[in-house]
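As you go down the protein sequences, you meet chains A and B in turn. Everything in the first sequence is counted per my numbering, starting at 61 for the first residue and increasing by one. Everything in the second sequence is counted per my numbering, starting at 11 for the first residue and increasing by one. Data first, discussion second: the structure below is written as structure tokens.
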Amino acid sequence: MIIKINGKPEEVKMQSSLTQLILSKGLCADNLVIEHNLRIVPKHQWQNISLEENDSVEIVSFVGGG
Amino acid sequence: MEDLLEIAGKKISNRLFIGTGKFASYALMKRALEEANAEVATVALRRADAGSKTENIMDYVPKTCQIMINTSGARNAEEAVRIARLAKAAGAGNWIKIEVIRDNKYLLPDNLETLKAVEILAKEGFVVFPYMSPDLSIGRRMAEAGAGAVMPLGSPIGSNRGVKTRELIEIMINEIKLPVIVDAGLGKPSEACECMELGCAAVLVNTAIAVSEDPVKMAQAFSASVYAGRLAYLSGIPVTGKIASASSPLTGFLRENK
Chain A
61 MIIKINGKPE EVKMQSSLTQ LILSKGLCAD NLVIEHNLRI VPKHQWQNIS
111 LEENDSVEIV SFVGGG
Chain B
11 MEDLLEIAGK KISNRLFIGT GKFASYALMK RALEEANAEV ATVALRRADA
61 GSKTENIMDY VPKTCQIMIN TSGARNAEEA VRIARLAKAA GAGNWIKIEV
111 IRDNKYLLPD NLETLKAVEI LAKEGFVVFP YMSPDLSIGR RMAEAGAGAV
161 MPLGSPIGSN RGVKTRELIE IMINEIKLPV IVDAGLGKPS EACECMELGC
211 AAVLVNTAIA VSEDPVKMAQ AFSASVYAGR LAYLSGIPVT GKIASASSPL
261 TGFLRENK
């Protein structure tokens with residue numbers, strides 16, 4: 061199925077959890093904040109969210125900035 | 011004499027705020043913050059991808075620093091609000107610099123979208139710092155909307171051109187009952203000093219420190235300069251005049267009085 065990750069359509073396995081998504085993308089979970097369909101998901105709930113077709117996920121982390 | 015800037019209950023003695031972008035490494039950034047005794051540092055949020063650093067910048071910001079999250083990347087109020095909420099959810103606290111930019115050439119802020127974001131976030135309990143073009147009317151609206159300070163630009167971000175907006179910033183200092191913090195465009199310590207002499211509450215500097223040959227020393231130089239300017243402001247800077255006013259006695263003594 062296709063979902064939108066950081067604004068781009070991407071193919072992911074049906075009903076992946078957010079935890080699985082982060083693992084499959086090779087990201088380090090420590091630094092991340094995730095917004096799922098405009099709702100911020102606390103880290104302890106990542107594994108309970110099962111992604112659906114056309115969902116929108118924003119994955120962000122802190123970086124240097126003025 | 012203790013001279014503290016108080017914002018939202020936090021007392022700040024170092025009026026140089028430092029941005030954490032553009033440093034060659036987080037380790038270098040950390041040393042600059044430490045050696046300058048920075049008490050406020052800005053950090054931004056970005057979309058993560060596989061190429062993102064595995065290091066967490068938050069591990070490199072000294073624990074003594076108040077973190078201010080910058081909403082850079084936001085193109086309207088709604089995006090700025092989303093970024094602020096994400097940052098708070100991630101445990102970065104509630105100090106938010108609102109930066110809403112739609113102009114990629116000069117990176118000048120959109121004052122109206124910024125004001126909308128201030129209105130929303132102040133109501134949600136954020137301590138809000140709008141980065142704005144220096145405009146008295148909008149500045150007053152920012153104050154009414156509950157901003158913690160106003161942050162007018164000196165010149166375009168990263169341009170190192172100094173306080174090109176000086177007259178407008180002076181008006182804001184005189185008329186707005188909030189701390190005025192000059193943000194953006196300061197290229198050297200003397201320009202930061204100039205802002206403080208005018209009566210700014212603080213300045214925020216990033217590029218000029220981060221891209222200098224020795225960011226640690228440059229951060230210290232800015233810090234000293236900000237302190238000097240503040241001290242001068244508090245001392246009451248004398249008026250300027252067009253003709254001389256002697257500073258040594260001029261009474262003649264090796265000749266006769268006529």
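We put the beta carbon where it would ideally sit given N, CA and C, even for glycine.
Cβ-based neighbour list, B:C203, same chain, cut-off 6 angstroms, excluding 5 preceding and 5 following: S235, A238 and G239
Same chain only: Cβ atoms within 7 angstroms of B:N121, ignoring 5 sequence neighbours per side: M142, S143, D145 and I148
Closest Cα partner of B:P162 within the set B:V50, B:C75, B:R176 and B:R57: B:R176
Distance, B:L14 Cα to B:S23 Cα: 5 angstroms
Below-8 angstroms beta-carbon distance, A:D115 vs any chain B residue: no
Proximity test, Cβ basis, 8 angstroms: B:R56 and chain A: yes
Pick from B:E88, B:A37 and B:I179 that is closest to B:V128, judged by C-alpha positions: B:E88
Own chain residues within Cβ distance below 7 angstroms of B:C75, not counting five before or after: L43, A48, E49, V50 and A51
Beta-carbon neighbours of A:S121, restricted to chain B and to distances below 9 angstroms: L55, R56, R57, A58, S62, K63, N66, I67 and A100
One or two residues paired with B:D145 in a DSSP bridge: According to DSSP, which records beta bridges pairwise, B:D145 is partnered with nothing at all.
Beta-carbon contacts of A:Q75 that lie in its chain and below 7 angstroms, excluding the five residues immediately before and after: S110 and L111
Check whether B:A211 and B:V190 have beta carbons under 8 angstroms apart: yes
Identified DSSP bridge partners for A:E71: A:I62
Start and end residues, beta strand (DSSP E) containing B:T81: Unbroken run through B:T81: none, as it is neither H nor E.
Coarse secondary structure for A:G124, derived from DSSP in three states: strand
Runs of alpha helix (DSSP H) wholly within the segment 82-121 of chain B (minimum 4 residues, chain order): 87-99
Neighbourhood of B:S169 by C-beta distance below 6 angstroms, restricted to the same chain and skipping five residues each side: G195
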